[in-house]
Each structure stands twice: as structure tokens, then as C-alpha cells.
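Enquirer: Got a structure for you, written out below as C-alpha cells; questions coming shortly.
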Amino acid sequence: MSVARPAARSLFSRALGCPSIAAATSSSASAASCRSFHASPQLAERKRPGRKGSKKDDLNPVNQPGKEPWTKAKIKRFTFKWFPKYTAQEFAELRKIYTDEQMAALKAGEAAINPRDLTIQGRLRKDPYRFKYLDDFSTIQPIIDKRARRQPPPDPMARFMNLDEFTQDLIEWAEKFQVGETTGTLKKLEDFVPAEFKSIPEAQWPGKVRTNAHESYMAYLQEEAAKGKEGKSAEGGDALVNGPTDADILSYILRRSSMTDNGLISNSEMAPALANKVPGVEGMYQNPVDPEDEGLDEEGKFQDLKVRTGMSVRQILNLRTKVISRRFVTNQTRLGKVQGTSTAVIAGNENGWIGIGVAYSTEPVDAKDKALLKAIENMKPILRYEDRTTYGNLETKISGTVVRLFARPPGFGLRVPHQIFEIARAAGLQDLAARIPRSRNSLNVAKATVQALQNQRSPEEIAMGRGKKLVDIRKVYYGGQV
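Numbering-wise (the UniProt record's numbering), the sequence shown opens with residue 1 and increments by one.
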């Protein structure tokens with residue numbers, strides 16, 4: 001019977017309220033008490049005994065329960081051990097650090113505090129956050145202390161400068177590089193005109209007066225520049241024209257504030273950078289540096305590859321590498337779709353060694369680096385006829401891709417698709433033709449080409465299998481000069 005509807009619920013409640021039904025069910029109700037459904041516990045329920053914590057008096061070293069009571073002599077010994085008075089020698093050392101006013105305040109504090117009161121009324125910390133070292137907190141330790149906020153808060157009324165304010169700020173910045181009279185400023189154009197024209201704007205000057213003023217002003221600037229050169233040369237410095245250098249201009253562009261806050265630097269929410277030499281940690285975590293690397297592998301990216309291949313870092317960096325294929329793939333996980341990159345890289349020494357590596361990563365750069373290491377590790381030697389082409393025609397099939405390679409005479413060149421062209425150049429092949437009759441998937445073409453080159457059978461191996469003697473007619477005809 002369903003009692004989900006309001007009408008059925010009211011009918012069901014009336015039936016339970018009848019005397020006949022209530023009398024019949026009184027025995028069963030007494031056995032199992034009716035309790036409304038609620039997540040909170042009942043207030044009438046018996047409380048569980050809580051965990052007894054340490055009392056405040058337990059931290060007091062004096063008169064702890066269960067221990068021998070402290071006598072006056074024991075209190076005196078404890079006070080002398082943990083709260084001794086300053087000696088004359090210690091006061092002499094403190095005078096080297098603090099001023100006379102600070103020393104007077106220190107002595108007043110020592111006289112106001114009774115060491116015996118510290119023993120009786122004091123509390124010794126036993127919590128795990130107590131200081132396990134002695135420190136007067138006069139200096140800030142960058143590892144365990146918070147960074148001090150040395151800069152004032154930012155100006156809430158600051159705004160970006162307008163054109164006039166920016167021009168005035170630029171002039172004030174440029175004036176500090178000028179070298180002129182003893183006052184530190186150069187003369188102006190108005191100083192080279194007669195007195196009656198100084199109060200008149202330049203546009204109203206007569207033509208002859210304006211021309212003479214400009215000529216005199218330019219001569220004055222050249223003379224001041226020559227003085228600056230002579231002064232620099234006499235001091236042994238750089239004999240350059242006085243003025244802002246490129247570094248000064250770059251610093252003005254990058255560091256000069258473009259707001260009306262006078263260039264104030266506020267506190268940043270960025271965490272402070274660690275020092276180059278952190279005290280207590282310096283010299284403990286140094287990566288071993290191999291002198292044979294010549295400083296070419298400071299990050300240690302090729303250290304494992306050196307052990308596997310036996311090559312040096314310079315030899316690894318001199319290899320020819322090329323990204324053949326890059327695919328953007330999606331990996332379906334329980335957390336959703338994860339975007340990633342699958343990259344194929346080929347590597348060769350241009351002298352008969354070739355290898356290919358395929359790697360996957362969520363970052364394209366990481367996928368390329370992993371594929372590069374795999375390609376170098378998978379390098380194998382291949383057979384080359386006269387160090388320029390293959391021994392005969394080759395054919396390999398991978399999935400739906402079929403690659404056919406054909407040996408060609410000297411001077412033919414590499415007439416192949418771009419994937420095979422990069423592989424042939426990395427392997428040191430110069431004369432080659434190729435045909436791909438079916439699928440042209442870049443990754444499968446690269447894999448099939450590398451597999452065909454690495455699985456070549458030498459003519460000596462074929463002759464030995466057939467039990468016959470093999471002679472290279474071309475080499476015999478040209479007397480070995482091929």
C-alpha cells in the first residue's frame with residue numbers, strides 16, 4: 001500500500017489513531033519505541049566520556065601532581081639554572097649592540113621581573129610548535145620566517161599619466177644625463193638671443209636673430225659634447241658623448257612607472273625567489289658535472305643517453321635530427337578527454353646510421369624531446385653501396401603503406417617524397433628513387449623506410465646462402481675506382 005499521496009497519508013494516520021487499533025498494537029509499540037528520523041543525536045542519550053586533556057597546571061614545573069614537592073632550595077637552583085642574571089661581561093657585549101637608552105630600558109625590565117616568579121608562575125611549553133632554538137628575532141631568516149613587507153601599500157588614487165605628465169616625467173629623467181654649466185643644466189635657445197627678444201616667443205623672432213641663435217646654440221652643444229669626451233678620456237673612462245645609454249633607455253622603458261605614483265613599488269603577492277646560495281643548504285645538492293661534456297649539457301638531459309649509446313654530448317648534438325610526423329591525439333580517461341601530442345623524430349649521423357623514435361606527451365615540447373632520445377637510442381647501421389645508394393631494390397609494407405626503394409646511378413640525386421628525403425639525407429644516401437603505391441601516411445612511410453634500410457641483405461650474405469661466388473662487375477671494370 002502506497003502512502004505517498006496526501007489523501008492516503010491522512011487516511012492512514014486516522015486508522016492508526018483508532019482506539020481498537022491502538023490497543024491491539026500497544027504491546028508491539030512498547031517493545032520497539034517509535035523514533036522520528038533525524039540526523040542529530042538525542043539529547044537524552046548518554047554522553048560518552050571525552051578525552052582528558054592536559055590541565056593548565058601540568059605545564060607548571062612546580063607542584064605537579066604525583067611528583068615530589070619543590071622546596072625553596074630546589075626552586076632556587078631551578079631559577080639560577082634557567083633564569084640567570086646578566087653578568088658584567090654580558091652587559092659589556094650588549095653595549096656594543098644597543099644604545100644607552102636601550103640599555104637603560106633593558107636594565108629596568110630586568111629589575112622589574114623577579115626570576116622566582118617566572119619559576120613559580122611561568123609555563124614551560126611542551127607543544128610541538130615550541131621554539132627549539134634560542135633567537136632574539138632581531139633578524140629575518142628567509143627559510144623559516146615570513147617575508148617582511150618593506151614597501152608601502154599601493155596608492156589607491158594612482159592613475160595612468162596623460163600626455164603632459166608623461167612628457168614632464170621624460171624631461172625630468174633626461175635632465176640628469178645632461179652635463180653643462182656648474183649648475184648641472186645646459187643653456188637654452190633663449191640664452192643666445194638679445195635681451196629684448198628673450199620675452200618674445202621664438203615664432204616672432206626676426207629671421208636673422210633666429211638663424212644666429214640656432215647657429216650659436218648648435219656650436220655650444222658641440223663644444224659641451226667635446227668637453228664631455230675630454231673629461232671621460234682624462235678619467236680613463238669610455239669616451240662617448242654624454243647622454244643616456246641604450247641600457248638606460250631600456251631601463252626607463254621597462255622599469256619606469258607609467259602611473260602617477262612616483263615610481264613606488266608595492267608589495268607583491270608573488271613568493272620571493274630563493275637566493276643563489278641558501279645558508280644551510282649550499283653545496284648539498286650539486287649535480288655531478290662531467291668535464292667531457294664541455295658545458296653542453298647543463299640540464300643533464302643526455303646523461304642517461306650517454307650511458308646507453310657510449311657517445312659524448314658533442315657527438316649527440318652533431319647528429320642530424322628531423323621531426324617527421326606530429327599528430328594531436330585525445331586519450332579518453334575516467335577524468336575526461338586528455339589532449340596530447342604524438343611526435344615521430346628521425347636521427348642519423350649522415351654516415352650510414354639511422355633511427356626513428358615515436359613518443360607521446362601532453363606537451364608538444366616534451367613529446368619532441370622524448371622522441372629525439374628514442375630515435376638516437378634506436379640508431380642502427382645500414383648497408384650502402386659505394387656509400388651513396390642501396391644494394392638493389394627494397395620493398396616494405398607496414399599497415400596499409402607500401403614503400404619501394406630503388407638504387408640509382410651516381411648523380412641521380414634523391415627523387416623521393418619529403419619524408420624519405422629527410423631519412424635518406426640523415427643516413428648519408430645520395431642517389432635514391434622511391435614509389436608509394438598505396439597509403440601515404442607520414443608515420444607509416446617513415447617507419448617502413450627505416451625498416452627497409454635496416455633490414456637490407458648484403459650481397460655476400462646472399463652469395464653465401466646460395467653457395468656461389470659473387471663478383472661486382474662495375475668494381476672490376478673500373479679497377480676499384482668507384
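Beta carbons are placed, not taken as given, at the ideal position from N, Cα and C, and that holds for glycine. Source: prediction; values computed, not measured.
Taking 8 Å as the cut-off, decide whether the C-beta atoms of L426 and I354 are in contact.
Expert: Looking up residue 426 in the sequence shown gives position 426. Looking up residue 354 in the sequence shown gives position 354. In the sequence as presented, Leu is not what sits at residue 426; that position holds Ala. Cβ atoms of A426 and I354: closer than 8 Å.
Enquirer: Cβ atoms of K380 and A448: under 8 Å apart, would you say?
Expert: Walking along the sequence shown from the start, residue 448 turns up at place 448. Walking along the sequence shown from the start, residue 380 turns up at place 380. Not closer than 8 Å, so no.
Enquirer: Can we say the stretch 369-378 touches the stretch 307-322, given the rule of at least three CB pairs closer than 8 Å?
Expert: Counting Cβ pairs under 8 Å, three or more are found: they touch.
Enquirer: Let me make sure I understand the geometry here. Which of V281, K187, G109, D191 has the alpha-carbon closest to that of Y86?
Expert: Along the sequence shown, one-based indexing puts residue 86 at 86. Looking at the Cα atoms, G109 is the closest of the given residues.
Enquirer: Are the stretch 354-368 and the stretch 334-345 touching by the rule of at least three beta carbon pairs closer than 8 Å?
Expert: Counting Cβ pairs under 8 Å, three or more are found: they touch.
Enquirer: Go through its chain and collect everything with a Cβ distance to A367's Cβ below 7 Å, but skip five positions before and after it.
Expert: To locate residue 367, count along the sequence shown from 1; it is residue 367. Excluding residues within five positions, the ones whose Cβ falls inside 7 Å are T341, S342, T343, A359, Y360, S361.
Enquirer: Measuring CB to CB, does E294 end up less than 8 Å from R314?
Expert: Along the sequence shown, read from residue 1 onward, the residue named residue 294 stands at position 294. Along the sequence shown, read from residue 1 onward, the residue named residue 314 stands at position 314. Yes, these two residues count as a Cβ contact at 8 Å.
Enquirer: Return helix, strand or coil for Y385, following the three-state DSSP convention.
Expert: As a working mapping, residue 385 is identified with position 385 in the sequence shown. Y385: strand per DSSP, three-state reduction.
Enquirer: Would you say K158 and M259 are within 8 Å of each other, going by their C-beta atoms?
Expert: Here the question's residue 158 lines up with position 158 in the sequence shown. Here the question's residue 259 lines up with position 259 in the sequence shown. Position check: residue 158 holds Ala in this sequence, whereas Lys was assumed. Cβ atoms of A158 and M259: closer than 8 Å.
Enquirer: Thinking C-beta only, is L432 closer than 8 Å to L470?
Expert: As a working note, residue 470 is residue 470 in the sequence shown. As a working note, residue 432 is residue 432 in the sequence shown. No, the Cβ-Cβ distance between L470 and L432 is not below 8 Å.
Enquirer: Just reading off the beta strand (DSSP E) that I354 is part of, what are its end residues?
Expert: In the sequence shown, residue 354 corresponds to position 354, counting from 1. It spans 353-361 - the beta strand (DSSP E) in which I354 sits, taken as one unbroken run.
Enquirer: Would you decide whether G413 is buried or exposed? Buried here means 16 or more other CB atoms lie within 10 Å of its CB.
Expert: Position 413 of the sequence shown, counted from the start, is the residue given in the question as residue 413. Per the 10 Å Cβ criterion, exposed.
Enquirer: With respect to the alpha helix (DSSP H) encompassing R95, which residues constitute its N-terminal and C-terminal limits?
Expert: Counting from one through the sequence shown, the residue named residue 95 turns up at place 95. Its alpha helix (DSSP H) spans residues 88-95.
Enquirer: Report the CB separation of residue 513 from I324 in whole angstroms; it is logged as a contact under 8 Å.
Expert: Any answer about residue 513 is impossible in this case: the structure gives the chain only from 1 up to 482.
Enquirer: Give me the DSSP bridge partner(s) of K397.
Expert: As a position in the sequence shown, residue 397 is number 397, starting the count at 1. Partner(s): V402.
Enquirer: Spatial neighbours of S458 within its chain, please: C-beta separation below 8 Å, excluding the five flanking residues on both sides.
Expert: For the purposes of this step, residue 458 is taken as residue 458 along the sequence shown, with counting starting at 1. Result list for S458: L383, Y391, in chain order.
Enquirer: Go ahead and pull the three-state DSSP assignment for A148.
Expert: Indexing the sequence shown from 1 puts residue 148 at position 148. Note: A148 maps to coil in three-state DSSP.
Enquirer: Does DSSP put N331 in a helix, in a strand, or in coil?
Expert: Locating residue 331 in the sequence shown gives position 331, where the first residue counts as 1. Looking at N331 - three-state DSSP - the assignment turns out to be strand.
Enquirer: When you compare only the Cα positions, how much space is there between F197 and E190?
Expert: As a working mapping, residue 197 is identified with position 197 in the sequence shown. As a working mapping, residue 190 is identified with position 190 in the sequence shown. Straight-line Cα distance between these residues: approximately 8 Å.
Enquirer: Work out the CA separation of S257 and A371 for me, nearest whole Å.
Expert: The residue given as residue 371 occupies position 371 in the sequence shown. The residue given as residue 257 occupies position 257 in the sequence shown. Near 45 Å, if we compare the C-alpha coordinates of S257 and A371.
Enquirer: Nearest by alpha-carbon distance to Q141: which of K188, G352, P410, P279 is it?
Expert: On the sequence shown, position 141 is the one that residue 141 refers to. The shortest C-alpha separation from Q141 is found at P279.
Enquirer: Would DSSP call M311 helix, strand or coil?
Expert: For the purposes of this step, residue 311 is taken as the residue at position 311 of the sequence shown. Coil, per DSSP.
Enquirer: Give the straight-line distance between the Cα atoms of G336 and F137, rounded to the nearest whole angstrom.
Expert: The count along the sequence shown starts at 1 and reaches residue 336 at position 336. The count along the sequence shown starts at 1 and reaches residue 137 at position 137. Their Cα atoms are separated by approximately 51 Å.
Enquirer: Around the C-beta of V338, are 16 or more other C-beta atoms found within 10 angstroms, so that it is buried, or is it exposed?
Expert: On the sequence shown, residue 338 is found 338 positions in, with the first residue counted as 1. So V338 counts as exposed.
Enquirer: If you follow the alpha helix (DSSP H) that S251 is part of, which residue opens it and which one closes it?
Expert: Start at 1 with the first residue of the sequence shown, and residue 251 comes out as number 251. From DSSP, the alpha helix (DSSP H) with S251 extends over 246-255.
Enquirer: Which same chain residues, not among the five before or five after D169, have their C-beta less than 7 Å away from its C-beta?
Expert: Position 169 of the sequence shown holds residue 169. Excluding sequence neighbours, D169 sits near M161.
Enquirer: Which one or two residues does DSSP pair with Q339 in a beta bridge?
Expert: Walking along the sequence shown from the start, residue 339 turns up at place 339. Partner(s): T330.
Enquirer: Among P417, L254, V476, D297, which one has its Cα closest to the Cα of residue 511?
Expert: Absent from the model: residue 511. The displayed extent of the chain is 1 to 482, so no value can be given.
Enquirer: Please confirm whether Q456 and L394 have their CB atoms less than 8 Å apart.
Expert: As a working mapping, residue 456 is identified with position 456 in the sequence shown. As a working mapping, residue 394 is identified with position 394 in the sequence shown. A contact, by the Cβ cut-off of 8 Å.
Enquirer: So the alpha helix (DSSP H) R466 belongs to, where does it begin and stop?
Expert: Numbered from its first residue, the sequence shown carries residue 466 at position 466. Looking at the DSSP string, the run of the alpha helix (DSSP H) that includes R466 is 459-466.
Enquirer: Please identify the residue among R415, S399, V365 whose C-alpha is closest to the C-alpha of T389.
Expert: On the sequence shown, residue 389 is found 389 positions in, with the first residue counted as 1. When each option's Cα is compared against that of T389, the closest is R415.
Enquirer: Expressed to the nearest angstrom, what Euclidean distance is found between the alpha-carbon atoms of D283 and F131?
Expert: For the purposes of this step, residue 283 is identified with residue 283 of the sequence shown, where counting begins at 1. For the purposes of this step, residue 131 is identified with residue 131 of the sequence shown, where counting begins at 1. First, the residue type needs correcting, since residue 283 is Gly and not Asp in the sequence shown. Roughly 27 Å between the two C-alpha positions.
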